[in-house]
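Engineer:
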Amino acid sequence: MESGALDFALSCFVADGDRIAFVPTMGALHDGHLALVAQGKELADRVVVSIFVNPLQFNDASDLERYPREKESDLAKLEAAGCDLVWLPSASDLYPEGFATSVRVAGVSERWEGEHRPGHFEGVATVVAKLFNEVVPNVALFGEKDFQQLAVIRRMAIDLGLCDNIVGVPTVRETDGLALSSRNAYLSLDERQQALALPRALEAARAAILSGNAIDDALGEGRNSLLEGGFSRVDYFAAVDAETLEPLDRLRAGMRLIAAAVIGSTRLIDNVAV
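Start counting the sequence shown at 0; every next residue gets the next number (numbering that gives the first Met the number 0).
#1: Since residue 123 and residue 20 are thought to touch, with beta carbons under 8 Å apart, how far apart are those beta carbons, to the nearest angstrom?
#2: Can you have a look at residue 98 and say buried or exposed, based on whether 16 or more other CB atoms are within 10 angstroms of its CB?
#3: In chain order, which continuous runs of the beta strand (DSSP E) of length 3 or greater are located wholly inside the segment 40 to 72?
#4: Suppose contacts are defined by Cβ-Cβ distances below 8 Å. Is residue 102 in contact with residue 128 by that definition?
#5: If we count Cβ pairs, one from each stretch, closer than 8 Å, do we get three or more for the segment 74 to 85 versus the segment 23 to 38?
#6: How many Å lie between residue 71 and residue 265 at the Cα?
#7: Residue 98 by DSSP, collapsed to three states: which one?
#8: Give me the residue from 216, 208, 228, 226 with the minimum Cα distance to residue 272.
#9: Is residue 25 helix, strand or coil by DSSP?
#10: For residue 24, tell me which candidate among 66, 247, 7 has the shortest Cα-Cα distance.
#11: Can you list, in chain order, the residues of its chain whose CB lies under 6 Å from that of residue 154, leaving out five sequence neighbours each side?
#12: Does DSSP put residue 107 in a helix, in a strand, or in coil?
#13: On the criterion of 16 or more Cβ atoms from any shown chain inside 10 Å, does residue 162 qualify as buried, or is it exposed?
#14: What residue does the beta strand (DSSP E) around residue 265 start on, and which one ends it?
#15: Is residue 145 helix, strand or coil by DSSP?
#16: So within the segment 200 to 241, which uninterrupted beta strand (DSSP E) runs reach at least 3 residues, ignoring any that extend past its ends?
#17: Could you check the C-alpha separation between residue 202 and residue 189 for me, to the nearest Å?
#18: Does any CB atom of chain B fall closer than 8 Å to the CB of residue 67?
#19: Rounding to the nearest angstrom, what Cα-Cα distance links residue 279 and residue 73 in this structure?
#20: Under three-state DSSP, which class holds residue 246?
#21: Tell me which residues share the same chain as residue 111 and place their Cβ nearer than 6 Å to its Cβ, disregarding the 5 neighbours each side in the sequence.
#22: What span of residues does the beta strand (DSSP E) with residue 84 cover, start to end?
#23: Does the segment 190 to 200 come within contact of the segment 255 to 269, defined as at least 3 CB pairs closer than 8 Å?
#24: Applying the 10 Å Cβ sphere with the 16-neighbour rule, what's the burial state of residue 174?
#25: Name the two residues that bound the continuous alpha helix (DSSP H) containing residue 191.
#26: Tell me the rounded alpha-carbon separation between residue 232 and residue 187.
Following this line, the structure appears as structure tokens:
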């Protein structure tokens, strides 16, 4: 749908008094994305989904190039899920010639993914701000799997007054525990099996912390188990405050365990609440 048609459809929704739920995606949809649509249908009258592979949030051109694009499959899934409107903007729609503005969310974006993917969260915040300005949703839904992204968007939405209801939807997992991700398609059969070390390490660290073990010891065990399980690099394995993403050294309400690690050529992230 082009921007003019989008504006017309949205104006019809508003004229009918409908509440609008918005789910921004980069496509290659799986059951995790569809869970966002399902939650949106419970919270609003209409669900709008955008599909846009955002170049601003990739700091590796080859990663952008190989990111899966499955338009026809995505549209079929959204139709079956009861999505009301799908918007597929182009880069020129969102970033016309001369575009020179970026949105930076200080603090919550600076550690973890921010350190390992320079510019990533500026790209995320910029595109989400643009999408919010177009759709003007009553509620927007994001998966908790990208937990730091969720925290960045919540901070931005509050600070800029873009959407006063940002909903985090729990991570959807395979039956064996692996978090659903578009990047799982990059894994070989052996890597897919080894990748289970990530959710298992997080759950083991969670159990250890709740049992009274020292947090540093639990985190160290988690990092070691990933390397022993087949991951070649652990970018971080940390206990953080769920709102600020600052590291924690003692158990308290709102603690989250977050991790990022590389297996083969694929970088996976995951997190669990403590």
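Don't be surprised by glycine CBs; every beta carbon is placed ideally from N, CA and C. No experiment lies behind these values; they were computed from the predicted model shown.
Structural biologist: According to the structure data:
#1: At roughly 19 Å, the Cβ-Cβ gap does not stay under 8 Å, so residue 123 and residue 20 are not in contact.
#2: Under this definition residue 98 is an exposed residue.
#3: For the segment 40 to 72, whole beta strand (DSSP E) runs of length 3 or above, ordered along the chain, are 45 to 50.
#4: Yes, they are a contact pair.
#5: These segments touch.
#6: For the pair residue 71 and residue 265, the Cα-to-Cα distance works out to about 25 Å.
#7: DSSP places residue 98 in coil when its eight states are reduced to three.
#8: Taking residue 272 as reference, the option from 216, 208, 228, 226 with the minimal CA-CA separation is 208.
#9: DSSP, read as helix, strand or coil, puts residue 25 in coil.
#10: Nearest C-alpha to residue 24 among 66, 247, 7: 66.
#11: Excluding positions up to five away in sequence, the list reads 104, 107.
#12: The DSSP-derived three-state label of residue 107 is coil.
#13: Residue burial is scored here from C-beta neighbours: residue 162 has at least 16 other C-beta atoms within 10 angstroms and is therefore classed as buried.
#14: Residue 265: member of the beta strand (DSSP E) spanning 265 to 272, first to last residue.
#15: Under the three-state reduction of DSSP, residue 145 is assigned to coil, being neither helix nor strand.
#16: If we require 3 residues or more, the beta strand (DSSP E) runs fully inside the segment 200 to 241 come out as 232 to 240.
#17: Each residue's alpha carbon lies about 22 Å from the other.
#18: The structure shown contains no chain B, having only a single protein chain.
#19: Any answer about residue 279 is impossible in this case: the structure gives the chain only from 0 up to 273.
#20: The three-state reading of DSSP puts residue 246 in strand, counting E and B together.
#21: Excluding residues up to 5 positions away in sequence, 147, 235 lie with their Cβ nearer than 6 Å to the Cβ of residue 111 in the same chain.
#22: In the DSSP annotation of this structure, the continuous segment of the beta strand (DSSP E) that includes residue 84 starts and ends at 84 to 86.
#23: Touching, yes.
#24: With fewer than 16 Cβ atoms within 10 Å of its Cβ, residue 174 is classed as exposed.
#25: Counting along the chain, the alpha helix (DSSP H) containing residue 191 begins and ends at 188 to 193.
#26: Distance between the alpha carbons of residue 232 and residue 187 is about 17 Å.
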